[in-house]
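The opening residue of the sequence shown carries number 443 in this note's numbering; numbering runs sequentially from there. We put the beta carbon where it would ideally sit given N, CA and C, even for glycine. Since the model is a prediction, treat every value here as computed from it, not as a measurement. The block underneath contains the structure these notes are about, expressed in structure tokens.
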Amino acid sequence: MKILHVCAEFYPLIKTGGLADVTGALPKVLNKLGEQCRILIPGYPAIKSGVSNAQVVKTINTFAGQATILFGYCNDIGIYIIDAPHLYAREGSPYHDMYQNAYADNYLRFALLGWIASELACGLDYYWQPDIVHSHDWHAGLSCVYLNLKQPYHHAKSIFTIHNLAYYGNFERYHLQEIQIPQSYFNVNGLEYYGQISYLKAGLYYSDHITTVSPTYAKEITTTEFGNGFDGLLRTRAEQQRLTGILNGIDDDVWNSTKDTLIVSRYNKRNLRNKHTDKYFLQNEFGLDTNNKQPLFCIISRLTKQKGLDLVLSLLPEILARRGQFILLGSGDDDLYQAFSKLANNPQYQNNIAIYYGYNEELSHRIIAGADILMVPSRFEPCGLTQLYALKYGTLPLVHRTGGLSDTVIDSTNENLDNKTATGFAYIDSNQEGLRYAINRAFELWQSQQTWRILQQRAMSQSFSWQESAKQYQQLYNAV
Ligand code: ADP
Ligand code: GLC
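Shown next as structure tokens:
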């Protein structure tokens with residue numbers, strides 16, 4: 443089957459979060475299973491320079507100005523690039539300028555993405571027409587509307603994947619005419635959301651099928667608490683069997699402790715001693731006391747409210763007072779960064795805490811390999827990928843039991859330790875008490891290095907391969 447993945451990020455060329463990891467891995471695995479996936483993505487500078495030998499498919503005039511569609515390859519995946527420099531030739535984030543201000547023409551940049559997807563379905567590339575248009579997050583949501591509008595001219599079905607329901611892609615109603623969507627679509631039963639156009643709702647309402655990235659999140663978003671106002675619509679779609687949760691996987695080519703060239707010392711579950719070397723070098727790199735006695739906690743994350751880092755901040759002095767160590771790699775909210783830095787600059791803690799502000803792929807591998815515990819205290823988490831990477835690297839995850847985190851980490855309760863299923867620490871209440879309870883248990887378990895090692899080995903034996911999840915997508919494509 444021919445499947446077009448429509449997205450705003452793609453690993454390894456442009457990434458702000460897990461979305462890129464998914465679009466970089468899932469099509470690759472689906473192709474190995476016999477499907478024919480291609481990607482459609484805006485022509486940001488990193489995409490144009492990262493896709494080799496891109497050829498012109500067609501130049502067209504659109505409501506957003508002239509655009510040339512190019513086609514080339516990256517990591518053996520075919521990629522359609524929308525080359526429209528007036529919209530996409532901007533360095534840095536795909537969404538905002540260096541001051542974190544969203545680009546004023548985002549409504550146009552991502553309307554064009556959706557529109558070109560529908561044109562591909564209608565035969566823009568004579569040689570390749572998708573049977574399925576699989577769109578990811580709000581950036582690609584309008585593809586479902588345009589496909590709906592052009593229904594007689596194509597045979598494609600649409601799948602819309604929610605990676606995060608917290609980003610709505612809201613824009614003013616008056617743009618409708620410019621982006622060539624009839625006023626009649628501006629409706630509660632349509633893409634209207636509290637008086638604005640929501641590109642996210644466009645995907646939720648007009649797609650043939652919705653997926654999200656974990657089974658638990660698929661249930662959570664049908665509740666008022668997690669549904670962000672879309673829960674009514676999502677409940678209806680769930681009742682119609684049009685909402686499915688499929689867990690994300692790990693790209694074994696990128697995250698594999700036995701062959702990761704970005705880490706100092708490679709290891710598997712039988713030679714975990716080598717992991718100590720990674721810890722030593724990591725401690726050394728960050729000027730922390732070098733030893734294997736102190737448990738090293740880490741976080742790799744976007745600094746946003748979703749991720750619950752303020753909770754960690756409030757308990758960090760306790761972790762440090764108990765001789766724990768802590769490394770944060772993150773970028774985003776400046777206030778959070780300042781608060782962590784203030785603590786890190788306290789002479790009392792200096793040898794035990796380090797904060798790295800910025801986005802650094804290589805460092806993320808060294809931290810996952812060198813740390814003992816990875817914390818993911820998210821308030822909500824559609825899937826979460828860092829805890830999967832951590833499990834694979836024998837770094838025990840300590841997580842809030844929500845969304846994909848609750849589908850992937852098994853708490854070290856006495857019962858789970860006895861029945862040999864525990865793989866980490868998970869707490870229920872997203873508050874200081876909840877988190878503190880999990881931290882206490884991590885410190886307790888650390889005292890018994892033998893039990894710790896058993897947990898590490900079990901964590902590393904978990905299978906979160908894309909193979910299984912890709913097969914579920916295949917079934918869905920066939921059903922749709
Ligand atoms: P989200 O997509 O909500 O940010 P995920 O856990 O799904 O959360 O994915 C985050 C991805 O981004 C992971 O691959 C993680 O390693 C990576 N990441 C997050 N922050 C950084 C950073 N500062 N430097 C390097 N990688 C990061
Ligand atoms: C989103 C979610 C995250 C998920 C990722 C990839 O950014 O916040 O939980 O893992 O998308 O699906």
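- Under the three-pair Cβ rule at 8 Å, the segment 511 to 522 does not count as touching the segment 536 to 551.
- The set of residues with any CB-heavy atom separation to the ligand GLC below 7 Å comprises, in chain order, Gly-459, Gly-460, Leu-461, Asp-463, Val-464, His-605, Asn-606, Val-655, Asn-690, Gln-748, Glu-823, Pro-824, Cys-825, Gly-826, Leu-827, Gly-845 and Gly-846.
- Gly-846 sits buried, since 16 or more C-beta atoms from the chains shown fall within 10 Å of its C-beta.
- Here Ser-699 is near Lys-834, since their CB atoms are less than 8 Å apart.
- One alpha carbon belongs to Ser-707, the other to Asp-853, and they sit about 28 Å apart.
- Counting only the Cα atoms, Cys-564 lies some 5 Å from His-596.
- Excluding five sequence positions before and after Ser-806, the CB atoms of its chain that fall closer than 7 Å to its own CB belong to Ile-742 and Leu-771, given in chain order.
- Ser-903 and Asp-720 have their alpha carbons spaced roughly 20 Å apart.
- Boundaries of the beta strand (DSSP E) around Thr-603: 599 to 604.
- A contact is defined here as three or more CB-CB pairs under 8 Å, and the segment 836 to 845 fails this definition with respect to the segment 758 to 778.
- Beyond the five residues adjoining it in sequence on each side, Gln-792 comes within less than 8 Å, by CB distance, of Gly-729 and Ala-786 in the same chain, given in chain order.
- Rounded to the nearest whole angstrom, the C-alpha separation of Leu-461 and Glu-681 is 27 Å.
- Each of Tyr-453, His-447, Ser-494 and Lys-490 was checked against the Cα of Ser-560, and the nearest Cα belongs to His-447.
- Contact between the segment 817 to 828 and the segment 470 to 487 is not established, with fewer than three Cβ pairs separated by less than 8 Å.
- For the ligand ADP, a non-hydrogen atom lies closer than 7 Å to the CB of Ser-773.
- Judged by their CB atoms, Thr-654 and Ile-663 are nearer to each other than the 8 Å cut-off.
- Here Ser-656 is buried. Its C-beta has 16 or more other C-beta atoms within 10 Å.
- When distances are taken from the beta-carbon of Arg-843 to the heavy atoms of the ligand ADP, even the shortest one reaches 7 Å or more.
- Within the chosen limit of 7 Å, the ligand ADP does not reach the beta carbon of Gly-750 with any heavy atom.
- The closest CA to that of Lys-747, considering only Ile-639, Tyr-779, Arg-878 and Ser-585, is found on Tyr-779.
- By the neighbour-count criterion, in which 16 or more other beta carbons inside 10 Å mark a residue as buried, Tyr-636 falls on the exposed side.
- Beta-bridge annotation (DSSP): Gln-478 is paired with Lys-444.
- With a cutoff of 8 Å on beta-carbon distance, Ile-524 and Leu-555 are scored as near each other.
- Annotated three-state conformation of Leu-472 is helix, per DSSP.
- Exclusion of Ser-783 from the 7 Å shell around the ligand ADP follows from its C-beta lying no nearer than that to any non-hydrogen atom of the ligand.
- Distance between Lys-717 and Asn-726, taken at the CA atoms: about 14 Å.
- For Gln-497, the uninterrupted beta strand (DSSP E) segment begins and ends at 494 to 504.
- In this structure, Arg-744 has its beta carbon less than 7 Å from a heavy atom of the ligand ADP.
- Of the other Cβ atoms in all chains shown, fewer than 16 fall within 10 Å of the Cβ of Ser-494; this residue is therefore exposed.
- Looking at Leu-562, Leu-529, Arg-551 and Thr-458, the one whose alpha-carbon comes closest to that of His-605 is Thr-458.
- Contact annotation: Ile-601 and Ser-649 have beta-carbon atoms nearer than 8 Å.
- Taking 8 Å as the cut-off, the beta carbon of Gly-583 is found closer than this to the beta carbon of Ala-644.
- Glu-614 sits in coil when the DSSP states are folded into three classes, being neither helix nor strand.
- In this structure, Gly-800 has its beta carbon less than 7 Å from a heavy atom of the ligand ADP.
- Taking a C-beta distance under 8 Å as the contact criterion, Ser-756 and Gln-899 do not qualify as a contact pair.
- Boundaries cannot be given for Leu-633, as no beta strand (DSSP E) includes it and DSSP labels it neither H nor E.
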